[in-house]
Amino acid sequence: MVSKQTPSAPRGEGPAPSEDTAGLLRELVAHLRQKRTALREEWARRITQAQLLTAMTEEEIFAEATSVYDNYVEALETGTFEALQAYARNLSERIIPRGVETHEVVGIVLLLRDVLARSLFAKYQEDFEKLNRILDAYEPAANRIANTVAVGFVQERERVIRQQQEAIRELSTPVLQVRERLLILPIIGVIDPQRARQLTEQLLRAIRTNRAKVVVIDITGVAAMDSNVANHLVQTVEASRLLGATVIVTGLSPEIAQTLVTIGVDLSEMTTVGDLQGGIEEAERLLGVKVVVITEAN
Amino acid sequence: MEVPILKQGHYVIASVQSALTDADLRQLREQITERVGRFRSKGVIVDVTVLDVMDSFAVRTLRDLAHMTRLRGAETVIVGIQPEVAFAMVQLGLSLKGVATALDLEEGLAFLDARAREHLTGGR
Chain P
2 MVSKQTPSAP RGEGPAPSED TAGLLRELVA HLRQKRTALR EEWARRITQA QLLTAMTEEE
62 IFAEATSVYD NYVEALETGT FEALQAYARN LSERIIPRGV ETHEVVGIVL LLRDVLARSL
122 FAKYQEDFEK LNRILDAYEP AANRIANTVA VGFVQERERV IRQQQEAIRE LSTPVLQVRE
182 RLLILPIIGV IDPQRARQLT EQLLRAIRTN RAKVVVIDIT GVAAMDSNVA NHLVQTVEAS
242 RLLGATVIVT GLSPEIAQTL VTIGVDLSEM TTVGDLQGGI EEAERLLGVK VVVITEAN
Chain F
105 MEVPILKQGH YVIASVQSAL TDADLRQLRE QITERVGRFR SKGVIVDVTV LDVMDSFAVR
165 TLRDLAHMTR LRGAETVIVG IQPEVAFAMV QLGLSLKGVA TALDLEEGLA FLDARAREHL
225 TGGR
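As they're listed, the protein sequences go chains P and F. Numbers 2 to 299, taken from our numbering, label the letters of the first sequence in order. Numbers 105 to 228, taken from our numbering, label the letters of the second sequence in order.
Right, dumping it as structure tokens:
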């Protein structure tokens with residue numbers, strides 16, 4: 002860039018950008034409008050060539066390319082990015098579930114930037130001075146557009162991830178009552194500190210509302226355990242005891258048992274039983290409940 | 105604020121009404137250990153339902169209280185610890201090891217009754 006006439010993004014009106022820049026941008030926009038079909042096709046072709054957006058068909062890519070192109074030109078013309086931002090969010094919403102990656106979105110926007118810049122080179126190759134000034138006007142706006150779209154995409158993705166994490170979290174810690182005053186907490190998956198905390202809080206609340214005396218925590222579905230997770234478990238057991246409930250832990254796999262003994266975690270405070278059935282039987286014993294099998298009279 | 109200490113049959117019940125200062129806690133500990141002997145009580149229930157904070161001093165005092173009353177022949181049950189308080193306690197490493205706990209007053213009484221029965225049948 003030769004000179005920096007427009008440090009901030011150019012706007013169509015207002016005193017900030019010089020008249021010159023606004024005029025150049027107008028000229029630029031007119032050029033892009035005129036060459037709309039050719040440039041759009043060129044862009045879509047380059048996207049396919051670069052093997053971006055492989056999750057989408059060529060027709061879809063072309064349709065999206067058209068919308069992005071028009072929004073892009075409009076953002077250049079008006080200098081306002083709200084419409085583009087909204088479109089970027091909307092686009093992200095549609096393409097994220099199809100597995101489109103961040104690098105692809107950044108890639109296509111940069112490609113468009115490249116395609117447009119090349120067409121400018123072609124148009125103004127005779128007049129180097131003019132080309133320079135046009136690029137001065139174009140580059141900051143184009144950068145900002147690329148930035149807007151990429152940030153929009155990433156934000157949308159993060160939002161989706163947050164939402165899914167929440168959903169998983171809510172699904173993953175059911176506290177079930179199997180008998181009067183007996184709760185079961187089956188834990189499946191990875192226990193991280195955050196989940197351990199949430200799990201404990203949920204269990205404690207359930208103990209109080211159900212007036213539970215015994216809780217069976219089944220960790221058959223926990224693949225691995227380290228000293229942190231073991232400590233969380235010990236804390237959960239201790240906190241439950243403070244509410245007057247006895248905790249029985251069941252389903253420690255051979256691997257977990259070996260790990261715990263090897264790393265020397267002290268679980269002597271904890272009642273452990275081999276499997277869930279054994280745990281429930283032990284709980285029934287503690288509750289003074291006996292299950293009697295009624296044989297059919299025949 | 106002073107904690108009312110009530111005699112109920114063979115048990116002494118202290119029902120905490122508001123947040124306690126260290127002095128209040130010490131006084132509670134002394135009064136209960138004294139009354140356990142005077143009433144010849146078999147059990148003590150300390151209801152802490154209203155407490156939404158339990159610091160290390162409170163936990164230690166309650167633990168000491170339980171051990172002291174045990175030496176004087178009465179089992180202490182701490183009842184009504186809130187879930188949030190229980191969680192905070194284990195996070196801070198404050199434990200009530202060796203002290204009986206129960207969900208609420210009713211559970212605490214049931215626990216002491218069960219213990220008394222055990223005692224009777226075990227003695228035969």
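For each residue, glycine too, the CB sits at the ideal point set by N, CA and C.
Considering only the beta carbon of each residue, do residue 22 of chain P and residue 85 of chain P sit closer than 7 Å? As a first step, residue 22 of chain P is located in the first sequence; it is residue number 21 there, counting from the start. As a first step, residue 85 of chain P is located in the first sequence; it is residue number 84 there, counting from the start. Not in contact: residue 22 of chain P and residue 85 of chain P (Cβ atoms no closer than 7 Å).
Ordered along the chain, which non-local residues of its own chain (more than five positions away) have a Cβ less than 7 Å from that of residue 173 of chain F? To locate residue 173 of chain F, count along the second sequence from 1; it is residue 69. Hits under 7 Å: 136, 137, 140, 148 and 180.
Give me whichever residues DSSP pairs with residue 180 of chain P in a beta bridge. Here the question's residue 180 of chain P lines up with position 179 in the first sequence. Answer by DSSP bridge pairing, in chain order: P:183.
Let me know if residue 214 of chain P comes out buried or exposed under the rule of 16 or more other beta-carbons within 10 Å of its beta-carbon. Within the first sequence, residue 214 of chain P is the residue found at index 213, counting from 1. The residue is buried, with at least 16 neighbouring Cβ atoms inside 10 Å.
Is there a Cβ of chain F sitting closer than 7 Å to that of residue 207 of chain P, yes or no? The residue given as residue 207 of chain P occupies position 206 in the first sequence. No, residue 207 of chain P does not count as interfacial toward chain F.
Of all Cβ atoms in chain P, is any one closer than 7 Å to the Cβ of residue 205 of chain F? Locating residue 205 of chain F in the second sequence gives position 101, counting from the first residue. So, interface residue.
Check the Cβ-Cβ distances between residue 148 of chain F and every residue of chain P, and say whether any is below 7 Å. In the second sequence, counting from the first residue as 1, residue 148 of chain F sits at position 44. Residue 148 of chain F does not count as touching chain P.
Measure the C-alpha to C-alpha separation of residue 162 of chain F and residue 126 of chain F and round it to an integer number of angstroms. Position 58 of the second sequence, counted from the start, is the residue given in the question as residue 162 of chain F. Position 22 of the second sequence, counted from the start, is the residue given in the question as residue 126 of chain F. Approximately 7 Å, taken between the alpha carbons.
Let me know the alpha helix (DSSP H) ranges lying completely inside the segment 10-87 of chain P, each 4 residues or longer, listed in chain order. 20-35, 37-50 and 59-79
So which residues of chain F does residue 239 of chain P contact, with C-beta pairs closer than 7 Å? Here residue 239 of chain P corresponds to residue number 238 of the first sequence, with the count starting at 1. The answer, in chain order, is 194 and 199.
Short of 8 Å in beta carbon distance, which residues of its chain neighbour residue 251 of chain P, apart from the five on each side in sequence? Order them along the chain. As a first step, residue 251 of chain P is located in the first sequence; it is residue number 250 there, counting from the start. The residues are 217, 218, 219, 220, 221, 273, 274, 275, 276, 277, 279 and 280.
Chain-ordered chain F contacts of residue 242 of chain P [CB-CB under 7 Å]: Residue 242 of chain P sits at position 241 when you count from the first residue of the first sequence. Ordered by position in chain F, the residues that pass the 7 Å Cβ test against residue 242 of chain P are 205.
Whole-angstrom distance between residue 117 of chain P and residue 56 of chain P, CA atom to CA atom: Looking up residue 56 of chain P in the first sequence gives position 55. Looking up residue 117 of chain P in the first sequence gives position 116. Each residue's alpha carbon lies about 25 Å from the other.
Quick check: the segment 108-122 of chain P against the segment 28-47 of chain P, are there 3 or more CB pairs under 8 Å? yes
Residues near residue 215 of chain F by beta carbon distance below 8 Å, same chain, minus five either side: Residue 215 of chain F sits at position 111 when you count from the first residue of the second sequence. 181, 204 and 206, listed in sequence order.
If we call anything under 7 Å between Cβ atoms a contact, is residue 185 of chain P one with residue 244 of chain P? As a first step, residue 185 of chain P must be located in the first sequence, where it is residue number 184. As a first step, residue 244 of chain P must be located in the first sequence, where it is residue number 243. No, the pair does not count as a contact, with Cβ atoms beyond the cut-off.
Beta-carbon separation of residue 105 of chain P and residue 53 of chain P under 7 Å? Sequence index remark: in the first sequence, residue 105 of chain P carries index 104 (1-based). Sequence index remark: in the first sequence, residue 53 of chain P carries index 52 (1-based). In this structure, residue 53 of chain P lies closer than 7 Å to residue 105 of chain P by Cβ.
Please state the DSSP three-state secondary structure of residue 208 of chain F. Working through the second sequence from its first residue, we reach residue 208 of chain F at position 104. Reduced to three states, the DSSP call for residue 208 of chain F is coil.
Which whole-angstrom value is the C-beta distance of residue 158 of chain F and residue 198 of chain F, which I expect to be below 8 Å? The residue you call residue 158 of chain F lines up with position 54 of the second sequence. The residue you call residue 198 of chain F lines up with position 94 of the second sequence. Contact flag correct, Cβ pair sits at about 7 Å.
Closer than 8 Å at the beta carbon, the chain F residues around residue 170 of chain P: On the first sequence, residue 170 of chain P is found 169 positions in, with the first residue counted as 1. Going along chain F, no residue has its Cβ under 8 Å from residue 170 of chain P, so there is no contact; the nearest lies around 17 Å.
Would you say residue 187 of chain F lies against chain P (beta-carbon separation less than 7 Å)? Position 83 of the second sequence, counted from the start, is the residue given in the question as residue 187 of chain F. Chain P, which has a Cβ nearer than 7 Å to the Cβ of residue 187 of chain F, makes this yes.
Residues that residue 112 of chain F bridges to, as DSSP identifies them: Within the second sequence, residue 112 of chain F is the residue found at index 8, counting from 1. Residue 112 of chain F is bridged to F:115.
I need the boundaries of the beta strand (DSSP E) containing residue 180 of chain F, first residue and last residue. Indexing the second sequence from 1 puts residue 180 of chain F at position 76. Start and end: 179-183.
When we look at the beta-carbon of residue 258 of chain P and count the other beta-carbons within 10 Å, is it buried (16 or more) or exposed? The residue labelled residue 258 of chain P in the question sits at position 257 within the first sequence. Looking at its Cβ environment, which holds fewer than 16 other Cβ atoms inside 10 Å, residue 258 of chain P is exposed.
Let's see if you can read the secondary structure: which residues bound the beta strand (DSSP E) around residue 220 of chain P? Taking the first residue of the first sequence as position 1, residue 220 of chain P is located at position 219. Looking at the DSSP string, the run of the beta strand (DSSP E) that includes residue 220 of chain P is 215-222.
Comparing alpha-carbon positions, which option in P:102, P:175, P:69 and P:163 lies nearest residue 202 of chain P? Counting from one through the first sequence, the residue named residue 202 of chain P turns up at place 201. Nearest option by C-alpha distance: P:175.
Which first and last residues belong to the alpha helix (DSSP H) in which residue 173 of chain F is found? Stepping through the second sequence from its first residue, residue 173 of chain F is reached at position 69. Segment 160-175, the alpha helix (DSSP H) holding residue 173 of chain F.
Looking at C-alpha atoms only, which residue of P:165, P:200, P:204 and P:79 is the closest neighbour of residue 142 of chain P? The residue labelled residue 142 of chain P in the question sits at position 141 within the first sequence. Selected option, being the one with the closest Cα: P:79.
Pick out whichever of P:288, P:162 and P:234 has its Cα sitting closest to the Cα of residue 98 of chain P. The residue labelled residue 98 of chain P in the question sits at position 97 within the first sequence. For residue 98 of chain P, the nearest C-alpha among the options comes from P:162.
Do residue 284 of chain P and residue 183 of chain P have their beta-carbon atoms positioned less than 7 Å apart in this structure? Taking the first sequence and counting its residues from 1, the one referred to as residue 183 of chain P is at position 182. Taking the first sequence and counting its residues from 1, the one referred to as residue 284 of chain P is at position 283. Yes. Within cutoff.
Run through DSSP, which three-state label would residue 273 of chain P get? Within the first sequence, the letter at position 272 stands for residue 273 of chain P. Residue 273 of chain P falls in the strand class under three-state DSSP.
Hey, is residue 164 of chain P's beta-carbon within less than 7 Å of any beta-carbon in chain F? The sequence position of residue 164 of chain P within the first sequence is 163, counting from 1. Judged by the 7 Å Cβ criterion, residue 164 of chain P is not in contact with chain F.
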